[in-house]
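Numbering (UniProt numbering), first residue to last: 1 to 217. Glycine included, C-beta positions come from ideal geometry on N, C-alpha and C. Every value quoted in this text rests on a predicted model; they were computed, and no experiment measured them.
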Amino acid sequence: MSILIDETTKVLIQGFTGDKGTFHAKEALEYGTQVVGGVTPGKGGTEKIGLPVFDTMKEAVKATGATAAGVFVPPPFAADAIMEAADAGIRLAVCITDGIPAQDMMRVKRYLRRYQKGERMMLLGPNCAGLISVGKAMIGIMPPAIFAPGRVGIVSRSGTLSYEAASQMKALGIGVSTSAGIGGDPINGSSFLDHLQLFESDPETDAVMMIGEIGGP
Numbered sequence: 001m002s003i004l005i006d007e008t009t010k011v012l013i014q015g016f017t018g019d020k021g022t023f024h025a026k027e028a029l030e031y032g033t034q035v036v037g038g039v040t041p042g043k044g045g046t047e048k049i050g051l052p053v054f055d056t057m058k059e060a061v062k063a064t065g066a067t068a069a070g071v072f073v074p075p076p077f078a079a080d081a082i083m084e085a086a087d088a089g090i091r092l093a094v095c096i097t098d099g100i101p102a103q104d105m106m107r108v109k110r111y112l113r114r115y116q117k118g119e120r121m122m123l124l125g126p127n128c129a130g131l132i133s134v135g136k137a138m139i140g141i142m143p144p145a146i147f148a149p150g151r152v153g154i155v156s157r158s159g160t161l162s163y164e165a166a167s168q169m170k171a172l173g174i175g176v177s178t179s180a181g182i183g184g185d186p187i188n189g190s191s192f193l194d195h196l197q198l199f200e201s202d203p204e205t206d207a208v209m210m211i212g213e214i215g216g217p
């Protein structure tokens, strides 16, 4: 088992036709993730790496049945992309984008609270390394080779420290169930507590490593 994503999760990439979006979509596909398409306004009707490109998230969700999204949209437009994903019915968004203005993230947080708790999209990030359920699926920029499958969860504000932890654990024969990056920015979408509660209910996670970051709450 795992938290948030597994091999059955259908994923869209926002900012799909940009260099970073395309590169990390390919990495996710090679890992076994069900990336089913992507969104770039004005590029709808085309294809990228053999997958359909849509103009809007609503079109993409309707056509693919996706429930998760990776956000690789430039900072000035990332907040709108996150809110668009929520309105389209996406249940999980992983925002990699760094440098989103704090005022924009305040707007995103207020916007997401419009939804009832059971219907509210889970947001990881912004400025996060992403999410990997080891051996099953990944969204983001994590290097999958450093993760061995196992029963320890990781939730981290710092991407590089989570990589170091996973690498050292692998060398010691300790594996990871899911590693979640919640982002290093002052205003992010989800908290340590949110993820600890998910790990608590996962029967295949026995322990959790929490990693903070200097300057973060």
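Within the DSSP secondary-structure output, P52 pairs in a beta bridge with E47. Annotated three-state conformation of R151 is strand, per DSSP.
Cα atoms of T40 and T17: separation of roughly 6 angstroms, rounded to the nearest angstrom. In this structure, the alpha-carbon of G45 lies about 21 angstroms from that of F77. Closest option to C128, judged by alpha-carbon separation, among E119, Q103, I187 and E84: I187. G189 is the residue among K20, R151, G189 and L161 whose C-alpha sits nearest the C-alpha of A79.
Beta-bridge annotation (DSSP): A69 is paired with L12 and A93. For G130, there is no enclosing alpha helix (DSSP H); the residue is part of the beta strand (DSSP E) that begins and ends at G130 to S133. Secondary structure of L124 (DSSP, three-state): strand.
For S179, the uninterrupted beta strand (DSSP E) run begins and ends at V176 to G181, by DSSP. Relative to A28, the option among G15, M142, D98 and E47 whose CA is nearest is M142. Taken through DSSP and simplified to helix, strand or coil, G159 comes out as helix.
DSSP places G21 in the uninterrupted alpha helix (DSSP H) bounded by D19 to Y31. Residue pairing by DSSP places G38 opposite I13 and V53 in a beta bridge. With contacts defined as CB atoms closer than 8 angstroms, G38 and K26 fail to qualify as a contacting pair.
The Cβ neighbour count for A88, taken over all protein chains shown within 10 Å, is at least 16; the residue is labelled buried.
Straight-line measurement puts the Cα of P74 at about 20 angstroms from the Cα of A60.
Residue nearest to S167 within the set G212, I3 and P149 is P149 (criterion: CA-CA distance). In this structure, G153 places its C-beta atom within 8 angstroms of the C-beta atom of V208.
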